[in-house]
Amino acid sequence: MSGHGQPVPLTARPGHALRGTAPVPGDKSISHRALILGALAVGETRIRGLLEGQDVLDTAAAMRAFGAQVEREGQEWVVHGVGTGGFAEPADVIDCGNSGTGVRLIMGAMATTPITATFTGDASLRRRPMGRVTEPLSLFGARAYGREGGRLPMTVVGARDPLPVRHALTVPSAQVKSAILLAGLNAPGQTVVIEREATRDHTERMLKGFGAEIHIADGPEGREIAVTGRPELRPQRIEVPRDPSSAAFPVCAGLIVPGSEVLVPAIGLNPTRAGLYQTLVEMGADLTFENRREEGGEPVADLRARFSGALRGVEVPPERAASMIDEYPILSVVAAFAEGPTVMRGVRELRVKESDRIEAMAQVLRAAGVEVEEGPDWWIVHGRGAGGVRGGGLAQTRLDHRIAMSALILGLASREGMGVDDAGPIATSFPAFAGLMTDLGAVLEPGDER
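Numbering (full-length UniProt numbering), first residue to last: 1 to 450.
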């Protein structure tokens, strides 16, 4: 069942080439950060291209609850910020829906202000661990009280006299890194985060844009990101590039549905997010990057994907995992249509996403006739080549938008199609998914007849 209503069964039928342009929505990671940093700035921040999925709308509502003004004006979103340390205490529980990014970054943003806030989310988010964020936030002096295992609902009491922190990440996580940096904005002195493996750097880029004093250098333990506390952040005009994680679905569909050619314009290709596209090229995908440029400090290009009938399995380097962690479900679908095994290692983080994504996708692929091996932090998909995937059955999406979309893309390229028990969670990140895919020629039907 969807975390936001009744289940919405949907079935993808094969047989139609996909052709046309796919204008995917704005980048979700950047959208969250634009709202939060806009709320921490003094003055009016204007955002164009904001993703209007439920996850981001929940973050907008949270910023209002902390005292910022957040409104949609025509094609832009306008945020009137309260300044660093200016958050007011919310009058009610903050519901972050399905968004791990939203709740973890918001916890960081309020952790060094002497207020109390209680956070909750849907059934999926309430299963996800928050200790990886609340433990480093406790170093600032914040306190967190949640369910067993550090899970939501959780009350966070912000530090009255915060201390600057120097913290080495134990897991490669942009969410944890960002939460610490946001907390450091209202702590005196310099807060330093050390990461041994590079993760998406949207927070660092945007902090610079808002006028924070931030320094990045290589140190003996890894990459050191230092932010100086108590700045007055300057409001910005932000153009949100299109989301590379959302783009992955029409791009990958174009590669595996016979006869297809799909253009996905203006996709953000930040090096810390582009691992999937590098991997697809290594697999032999007919994928071109056109009109490369920079927008809002982020590298951007138009992606053209053509049907690729000779894809080959590859071994994805573990060090690439952080740059494509959300794309492994759809990569596993492409791998099913490649020749030979695709090996994915160093992916333990997939076990604690909106669902256990390794287990969930393994079940989807096995139901479609694809052999999958899996371990604690690895999995192998044994590809069956173009036209070799049977499909069929009904995929259990487990309240996970990426499982739902990945299973539907598999259905479009398989012989028998594929149904999902609930497409409702797709609205959290890609509300236009079904309409966009249908415009390209996909057959998506309500319900499942089997």
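Yeah, the Cβ is synthetic: ideal placement off N, Cα and C, and Gly gets one too. As the structure is a computational prediction, the values presented were derived from the model and not from experiment.
Residue i (DSSP reduced to helix, strand or coil)
i, result
"ARG237", "strand"
"LEU412", "helix"
"LEU152", "strand"
"ARG205", "helix"
"ALA41", "coil"
"GLY447", "coil"
"PHE289", "strand"
"GLY20", "strand"
"ASP302", "strand"
"GLY275", "helix"
"ARG390", "coil"
"PHE430", "coil"
"ALA12", "strand"
"ARG320", "helix"
"MET344", "strand"
"GLU349", "helix"
"VAL79", "strand"
"ARG357", "helix"
"VAL281", "helix"
"GLY419", "strand"
"GLY313", "coil"
"VAL370", "coil"
"GLY3", "Because the pLDDT of GLY3 is 47, which lies under 50, any placement of that residue in the model is unreliable, and the question is left without a value."
"ARG398", "coil"
"ALA335", "helix"
"ALA88", "coil"
Test item: CB-CB of residue i and residue j under 8 Å
i, j, result
"VAL240", "ILE106", "no"
"GLY100", "ARG128", "yes"
"VAL192", "ILE238", "no"
"PRO164", "ASN186", "no"
"LEU408", "ALA12", "yes"
"MET418", "GLY392", "yes"
"ALA198", "ALA322", "yes"
"LEU169", "PHE119", "no"
"GLY222", "ILE194", "yes"
"VAL114", "GLY424", "Here residue 114 turns out to be Pro, not Val, going by the sequence shown. No. Outside cutoff."
"PRO9", "ASP400", "no"
"MET14", "SER429", "It is Pro, not Met, that sits at residue 14 in the sequence shown. In this structure, SER429 does not lie closer than 8 Å to PRO14 by Cβ."
"ASP377", "ARG402", "no"
"VAL314", "THR279", "yes"
"PRO231", "THR84", "yes"
"GLY268", "ARG306", "no"
"PRO431", "GLY53", "yes"
"PRO136", "HIS167", "yes"
"GLY229", "GLY184", "yes"
"GLY383", "PHE337", "yes"
"PRO341", "ILE380", "yes"
Nearest-angstrom beta carbon gap, residue j and residue i [assumed within contact, 8 Å]
i, j, result
"ALA111", "ALA159", "7 Å"
"GLY20", "ASP55", "GLY20 to ASP55, Cβ: 27 Å. No contact."
"LEU182", "ALA266", "Actually they do not touch by this definition, with Cβ atoms about 27 Å apart."
"MET283", "ARG312", "6 Å"
"GLY441", "LEU18", "5 Å"
"ILE325", "PHE249", "About 16 Å; that fails the 8 Å criterion."
"ASP243", "LYS28", "6 Å"
"GLY387", "GLU339", "The pair is not a contact, with the Cβ atoms about 11 Å apart (cut-off 8 Å)."
Given residue i as reference, the closest of the options once Cα atoms are compared
i, options, result
"GLY26", "LEU50, ALA423, VAL381, GLN69", "LEU50"
"LEU394", "ALA91, GLN363, LEU207, SER31", "GLN363"
"LEU35", "ALA22, PRO376, VAL70, GLN6", "VAL70"
"GLU44", "GLU319, VAL82, GLU52, GLY275", "VAL82"
"GLY97", "LEU436, ILE426, PRO446, ALA432", "ILE426"
"ASP356", "HIS202, PHE337, ARG398, LEU280", "ARG398"
"LYS234", "PRO271, THR288, HIS80", "Sequence inspection shows Arg at residue 234; the Lys mentioned does not correspond to that position. For the residues PRO271, THR288, HIS80, the minimum Cα distance to ARG234 belongs to HIS80."
"HIS202", "LEU410, GLY297, ARG390", "GLY297"
"LEU444", "THR279, ARG415, GLY411, SER429", "GLY411"
"ASP92", "GLY85, ARG104, ALA61, ASP122", "ALA61"
"TYR328", "GLN236, LEU365, ALA22", "LEU365"
Query raised in the report: Taking only runs of the alpha helix (DSSP H) that begin and end inside the stretch 42 to 71, which ones reach a length of at least 4 residues, in chain order?
Result: 54 to 65
Report task. Let me know the beta strand (DSSP E) ranges lying completely inside the stretch 223 to 269, each 3 residues or longer, listed in chain order. Result -> 237 to 239, 261 to 268
Query raised in the report: Taking only runs of the beta strand (DSSP E) that begin and end inside the stretch 90 to 138, which ones reach a length of at least 3 residues, in chain order?
Result: The beta strand (DSSP E) runs of length 3 or more contained entirely in the stretch 90 to 138 are, from start to end of the chain, 116 to 120.
Query raised in the report: Counting only runs that start and end within the stretch 157 to 222, where is the alpha helix (DSSP H) found for 4 or more residues in a row?
Result: Listed in chain order, the alpha helix (DSSP H) runs fully inside the stretch 157 to 222 are 174 to 184, 202 to 209, counting runs of at least 4 residues.
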